[in-house]
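Taking UniProt numbering, the leading residue of the sequence shown gets 1, the next gets one more, and so forth.
C-beta atoms are modelled at their ideal positions from N, C-alpha and C, and glycine is treated no differently.
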Amino acid sequence: MTLTTKAEGQRVQWVQEMRADGVPVTYSMLRIMMLESFIDLGLKEDEFRAGWHWVDGFKRRHGLSLRARTRIGQQTPDDGLDRYDIDVIYNADQTAVKSEYLPTKTLNKKGENTVWVKCGGKTKDRMTDMLLADNTGTKHTLFLVLRTPKSKIKAVIQENLTMQQGFGKRLWGSVEPCKIRTVL
């Protein structure tokens with residue numbers, strides 16, 4: 001059995017409303033909504049046969065297509081800069097940098113439980129590079145954040161948090177000059 005033109009039209013309107021609000025609509029969501037319409041018409045759930053072929057027909061009938069997302073996030077109000085007296089907007093990006101790039105899978109004989117891969121022993125060592133730019137087009141100097149072991153001494157932990165923004169003494173020696181050079 002198929003849905004009435006009116007029921008299909010209601011679901012097309014639902015899709016349009018969801019998309020107008022920026023909510024993604026998947027095949028599964030559409031099929032669930034169609035099943036709901038089917039049940040609302042007094043039809044039995046086990047008679048519902050809206051497979052992928054039906055979804056393709058629905059898209060074709062109503063001029064819809066499954067599209068990849070091209071933008072993600074929230075749109076900020078245009079007057080926010082004036083209202084809060086903001087001159088410069090910064091954007092920071094963290095990117096993990098590993099010293100050793102090893103694949104997670106390798107070809108091996110069937111049935112072997114342990115698979116050895118030679119490495120330099122640095123698989124968990126990493127650093128983070130911080131990229132910073134602003135709305136004037138200025139790209140600020142890249143700086144690296146290195147991973148160091150955390151202290152287990154409560155007084156040292158407290159000092160790191162209050163005096164050094166969470167960085168240990170060794171790392172703070174590198175971070176502090178960057179902080180001084182970068183006026184935010």
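### Query
How do the region 34-41 and the region 82-94 stand: do at least 3 beta-carbon pairs fall below 8 Å, yes or no?
no
### Task
Pair every Cβ in the region 15-26 with every Cβ in the region 46-53, then say whether three or more of these pairs are closer than 8 Å.
no
### Message
Does the contact criterion of 3 or more C-beta pairs under 8 Å hold for the region 165-176 versus the region 140-150?
### Response
yes
### Query
Is Leu131 closer than 8 Å to Leu142 when the C-beta atoms are compared?
yes
#### Entry: Close beta carbons around Ala133, own chain, < 7 Å, minus the five adjacent residues each side
Asn91, Lys139 and His140
### Message
Tell me the rounded alpha-carbon separation between Lys179 and Ala68.
### Response
39 Å
### Task
Would you check if the distance between the CB atom of Thr128 and the CB atom of Gln164 is smaller than 8 Å?
no
### Message
Among the candidates Met33, Leu3 and Thr5, whose CA atom is the shortest distance from the CA of Trp14?
### Response
Met33
### Query
Going by alpha carbons, who is nearest to Leu43 out of Glu159, Thr4 and Tyr84?
Thr4
### Query
Terminal residues of the continuous beta strand (DSSP E) containing Val145?
Phe143 to Leu146
### Message
In the DSSP assignment, the alpha helix (DSSP H) including Ile180 goes from what residue to what residue?
### Response
Lys169 to Arg181
### Task
Determine the closest residue to Gly9 out of Tyr27, Thr26, Arg61 and Glu45, with distance taken between C-alpha atoms.
Arg61
### Task
Ignoring anything shorter than 4 residues or poking outside the UniProt domain "HTH CENPB-type" (1-68), list the alpha helix (DSSP H) runs there in chain order.
5-20, 27-40 and 52-62
### Task
Please classify Val175: is it buried, with 16 or more other beta-carbons within 10 angstroms of its beta-carbon, or exposed?
buried
### Asn91 - partner residues in DSSP beta bridges
Ala133
### Query
Do we get a CB-CB distance below 8 Å when we pair Leu131 with the residues of chain D?
Note that chain D does not occur in the displayed structure, where there is just one protein chain.
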